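Chains as they are written, first to last, in this note's numbering: chain A, 1 to 391; chain B, 1 to 391.
There are 2 protein chains.
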Amino acid sequence: MTTLQQFLQDRLRQVPIEAIKLDKPVPLADLHTPALVLDLDIFEANLQKMQAHLSSHGMGLRGHTKMHKSPLIARRQLALGALGVCAATVSEAEVMLAGGINNILITSPVVSAEKIDRVIELARHSSEIRIVVDHIQGAALFNQAAATAAVQLKVLVDLDPGMGRTGIACGEPALALGQYIVNDCPHLEFAGLQMYIGNCMHIKGYADRRARYEALLAPGIATRALFEAKGIAVSVFSGGGTGTFDMEPGIGALTELQAGSYAFMDIEYREIGGPDSELFEAFEPSLFVLVTAISQPRTQLITVDAGFKAFASDSVAPQFRDLEGVVYHWGGDEHGIVRLNNPSSTVRLGDKLAMLTPHCDPTVNLYDYYFPYRNGMVEEIWPVSARGKSQ
Amino acid sequence: MTTLQQFLQDRLRQVPIEAIKLDKPVPLADLHTPALVLDLDIFEANLQKMQAHLSSHGMGLRGHTKMHKSPLIARRQLALGALGVCAATVSEAEVMLAGGINNILITSPVVSAEKIDRVIELARHSSEIRIVVDHIQGAALFNQAAATAAVQLKVLVDLDPGMGRTGIACGEPALALGQYIVNDCPHLEFAGLQMYIGNCMHIKGYADRRARYEALLAPGIATRALFEAKGIAVSVFSGGGTGTFDMEPGIGALTELQAGSYAFMDIEYREIGGPDSELFEAFEPSLFVLVTAISQPRTQLITVDAGFKAFASDSVAPQFRDLEGVVYHWGGDEHGIVRLNNPSSTVRLGDKLAMLTPHCDPTVNLYDYYFPYRNGMVEEIWPVSARGKSQ
Chain A
1 MTTLQQFLQD
11 RLRQVPIEAI
21 KLDKPVPLAD
31 LHTPALVLDL
41 DIFEANLQKM
51 QAHLSSHGMG
61 LRGHTKMHKS
71 PLIARRQLAL
81 GALGVCAATV
91 SEAEVMLAGG
101 INNILITSPV
111 VSAEKIDRVI
121 ELARHSSEIR
131 IVVDHIQGAA
141 LFNQAAATAA
151 VQLKVLVDLD
161 PGMGRTGIAC
171 GEPALALGQY
181 IVNDCPHLEF
191 AGLQMYIGNC
201 MHIKGYADRR
211 ARYEALLAPG
221 IATRALFEAK
231 GIAVSVFSGG
241 GTGTFDMEPG
251 IGALTELQAG
261 SYAFMDIEYR
271 EIGGPDSELF
281 EAFEPSLFVL
291 VTAISQPRTQ
301 LITVDAGFKA
311 FASDSVAPQF
321 RDLEGVVYHW
331 GGDEHGIVRL
341 NNPSSTVRLG
351 DKLAMLTPHC
361 DPTVNLYDYY
371 FPYRNGMVEE
381 IWPVSARGKS
391 Q
Chain B
1 MTTLQQFLQD
11 RLRQVPIEAI
21 KLDKPVPLAD
31 LHTPALVLDL
41 DIFEANLQKM
51 QAHLSSHGMG
61 LRGHTKMHKS
71 PLIARRQLAL
81 GALGVCAATV
91 SEAEVMLAGG
101 INNILITSPV
111 VSAEKIDRVI
121 ELARHSSEIR
131 IVVDHIQGAA
141 LFNQAAATAA
151 VQLKVLVDLD
161 PGMGRTGIAC
171 GEPALALGQY
181 IVNDCPHLEF
191 AGLQMYIGNC
201 MHIKGYADRR
211 ARYEALLAPG
221 IATRALFEAK
231 GIAVSVFSGG
241 GTGTFDMEPG
251 IGALTELQAG
261 SYAFMDIEYR
271 EIGGPDSELF
281 EAFEPSLFVL
291 VTAISQPRTQ
301 LITVDAGFKA
311 FASDSVAPQF
321 RDLEGVVYHW
331 GGDEHGIVRL
341 NNPSSTVRLG
351 DKLAMLTPHC
361 DPTVNLYDYY
371 FPYRNGMVEE
381 IWPVSARGKS
391 Q
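Below is the structure:
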């Protein structure tokens, strides 16, 4: 017998956070598939490259934990110099705080009473919790809850980059919300602007992507100027992502970058193209799904044990890392059917093969654990601590 | 410090199985969204209808647990008369056995040493574990492992219905495999045939679906006759699914039905059509995702807190249960953007709404818990025990 609240608290307490050390290194080939495996050398190089790039341009990194869902990985980002993290949901923020991360921006608006209570509870434990609001109703509810709990809460105004997803319209509507926060919400502290331009991260071709990004960002820059003209200092302008990471310094608008995918990369991001190349190669894929060939009903086909429950299926099909001349087709929840057109090596029943993920965020969300490796050996297991924490 | 094997055993021991009772009933509106909710009246009617239908025709039900991932639900199916369950993976079978289910058919071939060991471990605990093989190599490996462990293992020959996914070709190749099992594998017991015709479950239009199904099943029926002509009795012929449940008795081929989705239903299955109707309505949707309206950037749009991490995205888009004149568009991992064309009722920020799932199996696999309800009240919480058990 329990209450709903107690149930949720128990669940949070049971979330695994720390790495599980193996008593001796395990070769990748011994893993039970499908398994989420992480090439540590590439992963660490990606983390370092992004931080070095941003630091050299005086920008902050606020890595998005919706992607990796792991306080262990967030701690590595912070250790390299990131100023904080993003969380897409209250549940993710709870897991990050439980994992020792204090500076957390929840990037999606929260409007329901039961979740506002949870945000207030987070704010009791960390003064560095930040939320976004995109509506006066949300600001009013949070101000009231913060007053009742006698806490101060840092609030960013979320701007709609024309996606129609979340955010208030740039210009006067945003200013009115900002003024409401400053003038009418004594328990909220105006902490800046957020503008996440998700609708251009995956535009193929660097020049097109950059042109579109600058066009969409312009009203946000104008809104910042409007705020400042009205005497509201905008010390933080948060947004951007992996697809625009190297455009930011040239534009000079954002103070912090909300990138996530750069750490792992995926097929979707690779295919958007770089400034001088057809593939976006500033960061290399470090995350793979290890699969096993389990059946061969015909000579030209082989079936692997990974389908809709092993890979996110919202975008492109998975691809093999080390095998060319083959095409993966979705074969249902647990299977992929691989057409062996002109395979660059022979695939036999029982073989284990690494595959690139189509879209890393929802793929990670299908797994409980990462198996990080170096030189083909796994020494510890990392929980995907916030897996399924969509609430 | 742990070994990989110990880690896997610990994980299995930690799987939640039993229902968690709430100290007092909670209204659906208090749930934290996105939440997987189950209408118990409809769900129970679906379970009863399928069992009554099959029983009246002398067929068995072997419900597929890849769909619901819950020993609690499997127990209900068994209590109503099901003869056993299916599992798609060894991990699912382990969870079912841990949940007290003994009669389990693992419907996908297993070929790797580490998983064969786990199947043998299951067989030590239950003589009613069944596997499928579709290749002599698989049979040989299992026979050897069973000999080493001094267990007998029941084995079905998996037939390829022309999907090229798993299964051996019908006719002589299947017979040769059957004869190999009977003659050369003293630790394997030939236990029948499996033929899952997944490639016709979702054909739209009853007549077309039936014609295609009968055509694809015919080589399986001929293979059964071939086995029996050669003196190998085929007491079990396992296959079929929700999309063909009412075709089976007329054909008279299968002895047991591997249906899963009938218990919950989803948009994909509803749209295949019934014998006398445009929608397949033999079973009613009982499973929904409860979402919250969290943002309204424009008058004609409203954003809900459910995207690729709340709904499987391998097929159609989600739909609202009680709201017409609106269209859901995927809005990324955590969002759906709803176009309010001509809404049948007003949607306000903070409103909670029930949505039908596009494809129930991989949607269920995104959640840790079901919230079953009756008359709008939740009295207990059911774990999705085998969630993520894709290995």
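Backbone N, C-alpha and C define an ideal beta-carbon position, used for all residues, glycine too.
This one's a predicted model, so the numbers in the text were calculated from it and none came from an experiment.
Nearest CB-CB separation between A/Glu379 and chain B: not below the 7 Å threshold. Sequence-distant partners of B/Ala282 (beyond 5 residues in either direction) whose C-beta falls short of 8 Å from its own C-beta, in its chain, are Lys49, Phe245, Asp246, Tyr262, Gly274.
Under DSSP, B/Asp39 takes part in a beta bridge, and its partners are B/Tyr373. Contacts with chain B (Cβ-Cβ distance below 7 Å) from the stretch 87-101 of chain A involve Ala88, Thr89, listed in chain order. Along the stretch 10-75 of chain A, the beta strand (DSSP E) occurs as fully enclosed runs of 3 or more residues at 20-27, 35-39, 60-64, listed in sequence order.
A Cβ-Cβ distance of about 12 Å is found for the pair B/Gln319 and B/Met265, leaving them out of contact under the 8 Å criterion. Using beta-carbon distances, A/Asn342 does not count as an interface residue toward chain B, since no partner is under 7 Å. For A/Gly331, the closest alpha carbon among the candidates B/Val234, B/Val155, B/Val338, B/Gly164 is that of B/Gly164. Within the stretch 289-321 of chain A, the residues whose Cβ lies closer than 9 Å to some Cβ of chain B are Thr292, Ala293, Ile294, Ser295, Gln296, Pro297, Arg298, Gln300, Leu301, Thr303, Asp305, Ala306, Gly307, Phe308, Lys309, Ala310, Ala312, Ser313, Asp314, Ser315, listed in chain order. Between the stretch 294-303 of chain B and the stretch 336-351 of chain B there are three or more inter-stretch CB-CB distances shorter than 8 Å, so the stretches are counted as touching. In chain order, Asp333, Glu334 make up the part of chain A whose C-beta sits under 8 Å from the C-beta of B/Lys66.
Within the stretch 239-257 of chain A, no residue places its CB atom closer than 9 Å to a CB of chain B. Counting every other CB atom within 10 Å of its CB across the protein chains shown gives B/Ala306 a total of 16 or more, marking it as buried. In terms of beta-carbon proximity, A/Val26 lines the interface with chain B, with at least one pair separated by less than 7 Å. Secondary structure in the stretch 252-308 of chain A: the beta strand (DSSP E) runs of 3 residues or longer, each lying completely within the stretch, are 287-295, 301-304 in chain order.
Judged by DSSP secondary structure, A/Arg209 falls within the alpha helix (DSSP H) whose first and last residues are 206-229.
Residues of the same chain with a CB within less than 7 Å of the CB of A/Ser235, apart from the 5 flanking positions on each side, are Gly192 in chain order. Given a length threshold of 3 residues, each whole run of the beta strand (DSSP E) inside the stretch 333-389 of chain B is given here in chain order: 336-339, 352-356, 369-374, 377-383. A/Thr3 sits in coil when the DSSP states are folded into three classes, being neither helix nor strand.
Sequence-distant Cβ neighbours of B/Leu323 in its own chain, meaning closer than 8 Å and more than five residues away, are Pro343, Ser344, Ser345, Val347, Leu353. Within the DSSP bridge table, the entry for B/Lys154 names B/Arg130, B/Glu189 as partners. Contacts with chain B at 7 Å (Cβ-Cβ) do not include A/Pro383.
Leaving aside the five residues that flank A/Asn365 on each side, the residues in its chain whose CB is nearer than 6 Å to its CB run, in chain order, Arg387. Within chain A, the residues whose beta carbon sits less than 9 Å from that of B/Leu22 are Met1, Thr2, Thr3, Leu4, Phe7, listed in sequence order. In chain B, no part has a C-beta under 7 Å from the C-beta of A/Ile116; the shortest such distance is about 10 Å. Counting the other Cβ atoms within 10 Å of the Cβ of A/Arg124 gives fewer than 16, which makes it exposed. Taking the CA atoms as reference points, A/Val155 sits about 44 Å from B/Glu92. C-alpha of A/Ala139 to C-alpha of A/Tyr370: approximately 38 Å in a straight line.
In this structure, A/Val132 is the residue among A/Val132, A/Leu153, A/Arg212, A/Arg209 with its C-alpha nearest to the C-alpha of A/Ala174. Contact check for B/Ile294 and A/Val111: beta-carbon distance about 5 Å, within the 8 Å limit, so the pair qualifies. Listed by position along chain A, the residues whose Cβ is nearer than 8 Å to that of B/Arg165 are Ser295, Pro297, Thr303, Gly331, Gly332, His335, Ile337. Excluding the 5 residues flanking it on each side, A/Lys115 has same chain C-beta neighbours closer than 8 Å at Val90, Gln391, in chain order. Legend: CB atoms of the stretch 30-57 of chain B lying less than 9 Å from CB atoms of chain A belong to residues Asp30, Leu31, His32, Thr33, Pro34, Ala35. Ranking A/Trp382, A/Ser55, A/Ala113 by CA distance to the CA of A/Gln144 puts A/Ala113 first. Within 7 Å of the CB of A/Asp160, the CB atoms of chain B belong to Pro297, in sequence order along the chain.
Annotation for A/His125: no beta strand (DSSP E) segment contains it, though the alpha helix (DSSP H) segment containing it runs 113-125.
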